[in-house]
Structures are given as C-alpha cells and as structure tokens.
Amino acid sequence: GIQVEQSPPDLILQEGANSTLRCNFSDSVNNLQWFHQNPWGQLINLFYIPSGTKQNGRLSATTVATERYSLLYISSSQTTDSGVYFCAATDPNTGNQFYFGTGTSLTVIP
Amino acid sequence: KAGVTQTPRYLIKTRGQQVTLSCSPISGHRSVSWYQQTPGQGLQFLFEYFSETQRNKGNFPGRFSGRQFSNSRSEMNVSTLELGDSALYLCASSSWTGIYNEQFFGPGTRLTVL
Numbered sequence: 010g011i012q013v014e015q016s017p018p019d020l021i022l023q024e025g026a027n028s029t030l031r032c033n034f035s036d037s038v039n040n041l042q043w044f045h046q047n048p049w050g051q052l053i054n055l056f057y058i059p060s061g062t063k064q065n066g067r068l069s070a071t072t073v074a075t076e077r078y079s080l081l082y083i084s085s086s087q088t089t090d091s092g093v094y095f096c097a098a099t100d101p102n103t104g105n106q107f108y109f110g111t112g113t114s115l116t117v118i119p
Numbered sequence: 363k364a365g366v367t368q369t370p371r372y373l374i375k376t377r378g379q380q381v382t383l384s385c386s387p388i389s390g391h392r393s394v395s396w397y398q399q400t401p402g403q404g405l406q407f408l409f410e411y412f413s414e415t416q417r418n419k420g421n422f423p424g425r426f427s428g429r430q431f432s433n434s435r436s437e438m439n440v441s442t443l444e445l446g447d448s449a450l451y452l453c454a455s456s457s458w459t460g461i462y463n464e465q466f467f468g469p470g471t472r473l474t475v476l
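Protein sequences, first through last, are from chains S and H. Numbering of the first sequence is given in the working numbering, commencing with residue 10 and proceeding in unit increments. Numbering of the second sequence is given in the working numbering, commencing with residue 363 and proceeding in unit increments.
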C-alpha cells in the first residue's frame, strides 16, 4: 500500500501565526483529503483536493499530484484550530481504502 | 442532509465478549468503510462495503467482520474481544461515483475492553 508521511508531527504556534502542514505520498494517489480531528474523535472534512488549490476562509490547500505531495496552510491561527490534522488518500489500484498519515498535532496558544 | 451516524458512541466490554457496532451512511451513499484508530497504530482500514458486498479488506484477524444491508446501513462485529481491541472505531461513507469520491466520517464508537 501507499506510505503517507506528514510533517511536522507536532507544532506549537502563537495565536495569529501562520503555518504549513505537509503530506508526502510514496506513489500516485487519488481522492486526497485533509481532515481535522476534533477532541471527541470525529474527523471533520477540511478539503477534498486531488489536485490544484482550494481555499476556505483562513485555510487553504494545494496538491501537486505529479510530485506526490499536498500542503495545508493555516493563516492567522486561533486556539480553536488546535487538534490533530490528517491527510489521507486512496490508491488507484485498491479502491476506496484510505491510507492515512500519522497526523500533525497542532497546539495554538493565546 | 443528515451526516453519518454511529451507534453506540461508547461501549465497555470484557475480554472474550463480542460486540456489534452500527453505522448509517449519508442518504444516497452506497459505500461504507470502517477504520480502527489506536494511539499506537494510528488509523487503520478494516473493510469496505458497497451495495451489500465486501469490496476490500484490511489486515485484521477474522474476529473482525462486517456486513451491509440493502439500505446501506452497515454493522461491524468483533468476536472474542481482546484488550488490544480497545480503540475508536470510525465509519466513513461515500457516494463512490468512480471519479469524485469524497468520504465523510461519523463521530465514532469508542470501545473499551476490560
């Protein structure tokens, strides 16, 4: 299966700072998504972004499929942004199975 | 549209017992996948059902099984529970159009095995 590497594993930011989270894939993927896991464990959809760039408020994401990576940008971070961020994607050869990264744990301090 | 629902939300069992978890996908979604999340192993794929057929299976022992009903609701069963089965179990639904395949997760069932 596909290997997914996320970096950094941990990130501590002052409120108002910007950050970039990265996801690298070992092979071609499709259906790439970014999630934020809330304190109760639910994975909240941030972006469905198999390629290109999308923006949603203070968050934006870019996927360069040919180079097998995706980036999540968080601008003007707020304490409510704290939590774990995951990227995941499917392998074109194995259907709907998601391969997850190990996550980036973000802590935003006031 | 209502989101993905999972029941129960919390469950405490003892070793050797069995457990059944339920997942109702988003209306119109025919694909349901199950994942196990533990601190040590992260998020791992269990299996996927589409139109009542298991389409894909992860690397878990046969104690883990599932099924999907004609209304797309899915259940997973774990028999002969072990301490290591304590985890958050998440299900995801998608419409699986073949090209666009965004997946949506439920709130999870947190299983504790004593």
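C-beta atoms are modelled at their ideal positions from N, C-alpha and C, and glycine is treated no differently. Computed from a predicted structure; not experimentally measured.
DSSP places Gly61 of chain S in the uninterrupted beta strand (DSSP E) bounded by Gly61 to Asn65. Chain-order list of chain H residues neighbouring Phe107 of chain S: Ser395, Tyr397, Leu405, Phe407, Ala454 and Gln465, by C-beta distance under 9 angstroms. Chain-order list of chain H residues neighbouring Tyr94 of chain S: empty, with the shortest C-beta distance near 13 angstroms, by a criterion of under 7 angstroms. Counting only residues of its own chain and dropping the five nearest sequence neighbours on each side, Gln46 of chain S has a CB closer than 8 angstroms to the CB of Leu52, Ile53, Gly92, Val93, Tyr94, Phe95 and Gly112. Residue ranges of uninterrupted beta strand (DSSP E) with 3 or more members, entirely inside the segment 52-96 of chain S and ordered along the chain, are 52-57, 61-65, 68-73 and 78-83. Using beta-carbon distances, Pro469 of chain H counts as an interface residue toward chain S, with a partner under 8 angstroms.
Residue burial is scored here from C-beta neighbours: Glu24 of chain S has fewer than 16 other C-beta atoms within 10 angstroms and is therefore classed as exposed.
A distance below 8 angstroms between beta-carbons, with the five flanking residues on each side excluded, links Leu20 of chain S to the following residues of its chain, in chain order: Ser28, Leu30, Thr113, Ser114, Leu115 and Thr116. Judged by beta-carbon spacing, Gln368 of chain H lies within the 8 angstroms limit of Thr471 of chain H, meaning their Cβ atoms are closer than that value. By the CB criterion at 8 angstroms, Ile11 of chain S and Val38 of chain S fall inside the cutoff.
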